[in-house]
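Below is one structure, written out as C-alpha cells; comments come after it.
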Amino acid sequence: MDKIFIPQETRILPKEICQVPYSNEVNYSAFAGVLNDKSASYKMYWLLAILKEVASDEKEIEFRALISRMVVKSWYPILKCKLSFGLCDNLANVVEYISDTYNVGSNYTEDKLFEFIYESEDKKLNKMLKDLTYNVPYRFLAPFFKGKLKGRKVEKQIEELSRQDNECVYEIYQNEKNENCIRIRDNWCNYLKYNRKIIEGWAYYELACFLQKRNPNVPGIAMKLAPPQNRNSIKTQTKIWENVIERKHIKDLYTGLAFTEENYKEYGVLSIDHFIPWSFVLHDQMWNLVPTFKNINSKKSDNLLHYDTYIDRFCEMQYEAFCFVVDEDRKNQIEEYGQVLKADNLKKFKQENKEEEFVKRMKQEIGPVYGVAVNQGFGVLEKFVI
C-alpha cells in the first residue's frame with residue numbers, strides 16, 4: 041500500500057483515503073470496523089487513548105487510565121469550543137463536573153489534567169469514570185467476533201473471547217489489584233505504533249463526522265478537536281488598529297475609555313479582541329476584531345457581549361477600520377471585508393454607499409453567527425463591568 045503523508049497539524053484524513061493500513065501481521069479488515077455502529081464518541085476516543093499509550097510503549101493498561109485519557113482528549117472541544125456530543129454521550133458530563141467542581145480551565149495541560157483525573161479520589165467522579173467502562177472496552181472488539189456473539193451478556197462473551205482469540209487487538213483481564221485492564225498483543229502494538237498517524241487521522245475523521253451531525257451550524261469542526269499547536273500572529277491587524285486609533289481617536293468598545301497612556305497603565309496595553317470568540321470562528325479576520333485593553337480582554341475571555349448593546353458601536357468602529365484598509369489598499373483585509381459585505385469592488389462600494397449600508401451588511405452576517413455561538417453555549421455578558 042502506498043504510504044500516505046499526513047501533516048501532523050492536520051489530523052483529518054479526506055474521506056476517500058479513510059481506510060486502515062493493510063497488514064499481513066494483523067486482521068486489519070476486522071479492525072476497520074471498530075469505529076462502526078456508534079451512538080457516542082467513545083470508540084474514537086478509546087482508540088485515540090490506546091494510540092497515546094502505545095506511543096509510550098505501554099501494552100498493559102488499566103481501563104481507568106484509558107478512560108482518563110478519553111476525558112483529557114475531549115476536554116478542549118467540550119469546554120473551549122462548546123461542541124455538543126449528543127444526548128447519548130456522557131463525556132461532557134464528566135468534563136463539566138471536573139471544570140465546575142475544581143475550577144479547572146480549558147487550557148490545562150494534557151499531562152497535568154490526566155494526572156489529576158487518574159489520581160482523583162472524588163467518589164462521584166470515580167463513579168462517572170467507571171460508568172464509562174461498561175461498554176466501550178468490549179464493544180470496540182465486537183468486529184473481531186462476528187457470528188460468535190449470541191444472546192445477552194455480550195460484554196462477558198467478548199471478554200472471554202478476547203483471551204482466546206489471538207487476532208483481536210487486546211485481551212481483557214483483571215490485574216493483581218482486581219482492576220480491569222487491557223493487554224495489547226505484540227503484533228498489534230507494532231501495527232498501531234508504525235501506523236499511528238494514519239490511524240489517528242482516521243479516528244479524528246470519524247470523530248469530526250460524528251460531531252458535525254450534532255453541530256450542523258458550527259464552522260470548522262475538524263479544527264476544534266484538539267488545541268492548535270500555534271496561533272497565527274495578529275501583528276498586522278494590531279498595526280491597522282493602531283493607525284485607526286491614531287487617526288480617528290476611537291474609544292474602547294467595552295469601557296468607552298480613550299486609548300491613552302494613562303489608561304494603558306491602568307487597564308493594560310493595547311490588545312486585539314475577537315468580538316465573536318476565536319474558539320468559535322477560528323480566524324483572525326479584521327471584520328471580527330476590535331481593539332481593547334489587555335486586562336479588559338482577559339476579563340471578557342471567551343464570552344460574548346450583549347448583542348443589542350454593543351453591535352452598533354462595534355459596526356461604527358469596523359467602518360473606520362474598513363475605510364482605512366480600503367484607502368491604504370490592504371489587499372488581504374480588503375478580501376476579508378469583501379467576503380462579509382458580499383462585494384467584489386470595495387473601493388466602488390465605499391464610494392457609492394454610506395456608512396448605513398456597511399452597517400446593514402455587517403449585521404446581516406454577524407447576527408446569524410452570533411446567534412449560533414449563543415446556541416452553542418458561549419456565555420453572554422449582559423453588561424461589561426470593569
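When we follow the numbering used here, the leftmost residue of the sequence shown carries the number 41, and every step to the right adds one.
A virtual CB, placed ideally from N, CA and C, is assigned to each residue, including glycine.
Keep in mind it's a predicted model, so treat the numbers as computed, not measured.
Under 9 angstroms between C-beta atoms of residue i and residue j
i: Glu195; j: Asn175; result: yes
i: Trp242; j: Val94; result: no
i: Gly73; j: Pro177; result: no
i: Cys221; j: Leu181; result: no
i: Cys229; j: Lys99; result: yes
i: Ser114; j: Tyr158; result: no
i: Asp324; j: Asn270; result: no
i: Leu293; j: Arg353; result: yes
i: Ile406; j: Trp327; result: yes
i: Thr141; j: Leu123; result: no
i: Arg225; j: Glu211; result: yes
i: Tyr386; j: Phe364; result: Contrary to the premise, residue 386 reads as Leu rather than Tyr in this sequence. Not a contact, by the Cβ cut-off of 9 angstroms.
i: Tyr244; j: Tyr347; result: no
i: Thr349; j: Glu422; result: yes
i: Val284; j: Met402; result: no
i: Leu198; j: Arg179; result: Looking at the sequence itself, residue 198 is Ile, so the reference to Leu does not match. Yes; because the gap between Cβ atoms is below 9 angstroms, this pair is in contact.
i: Ile336; j: Phe424; result: yes
i: Phe125; j: Leu251; result: yes
i: Val66; j: Tyr213; result: no
i: Arg104; j: Lys170; result: yes
i: Leu329; j: Gln404; result: no
Coarse secondary structure for residue i, derived from DSSP in three states
i: Asn220; result: strand
i: Thr332; result: strand
i: Ile44; result: Low local confidence applies: a pLDDT of 34 at Ile44 is under 50, so the model's placement there is unreliable, with the coordinate-based value given in what follows. Note: Ile44 maps to coil in three-state DSSP.
i: Glu100; result: strand
i: Gln214; result: strand
i: Ser202; result: helix
i: Ala298; result: strand
i: Val366; result: helix
i: Val420; result: strand
i: Asp313; result: strand
i: Lys340; result: helix
i: Leu172; result: coil
i: Lys394; result: coil
i: Lys291; result: strand
i: Leu153; result: helix
i: Leu345; result: strand
i: Asp352; result: helix
i: Leu189; result: coil
i: Glu10; result: Lying outside 41 to 426, the shown extent of the chain, residue 10 is not represented and no answer is given.
i: Asp384; result: coil
i: Gln379; result: helix
i: Lys167; result: helix
i: Asp324; result: coil
i: Gln277; result: helix
i: Gly145; result: coil
i: Asn272; result: coil
i: Phe180; result: coil
i: Gly411; result: helix
i: Ile406; result: helix
i: Phe209; result: Reading off the sequence shown, one finds Val at residue 209, where the question assumed Phe. It is coil, neither helix nor strand.
i: Gln59; result: coil
i: Ile426; result: coil
Cβ-Cβ separation, residue j to residue i (assumed contact under 8 angstroms), whole Å
i: Ser319; j: Cys121; result: 5 angstroms
i: Cys36; j: Val399; result: No answer is possible for residue 36: the residues shown for the chain start at 41 and end at 426.
i: Ile274; j: Glu360; result: About 18 angstroms separates the two Cβ atoms, so there is no contact after all.
i: Leu247; j: Ser81; result: 6 angstroms
i: Leu87; j: Val111; result: About 15 angstroms separates the two Cβ atoms, so there is no contact after all.
i: Leu106; j: Ala89; result: 4 angstroms
i: Asn257; j: Val414; result: Going by Cβ atoms, the distance from Asn257 to Val414 rounds to 11 angstroms, so no, they are not a contact pair.
i: Trp116; j: Pro267; result: A quick correction: the sequence has Tyr, not Trp, at residue 116. Rounded, the Cβ-Cβ distance is 5 angstroms, consistent with contact.
i: Ile426; j: Thr300; result: Not a contact, Cβ separation roughly 15 angstroms.
i: Leu119; j: Val135; result: 6 angstroms
i: Met168; j: Tyr137; result: 7 angstroms
Cβ of residue i within 9 angstroms of any chain D Cβ
i: Pro259; result: Absence of chain D from the displayed structure is noted, only one protein chain being present.
Any contact of the stretch 365–382 with the stretch 296–313, i.e. 3+ C-beta pairs under 8 angstroms? no
Start-end ranges of the alpha helix (DSSP H) lying completely within the stretch 61–133, minimum 4 residues: 68–71, 82–95 and 103–115
Alpha helix (DSSP H) runs wholly inside the stretch 224–267, at least 4 long, in chain order: 226–234 and 236–254
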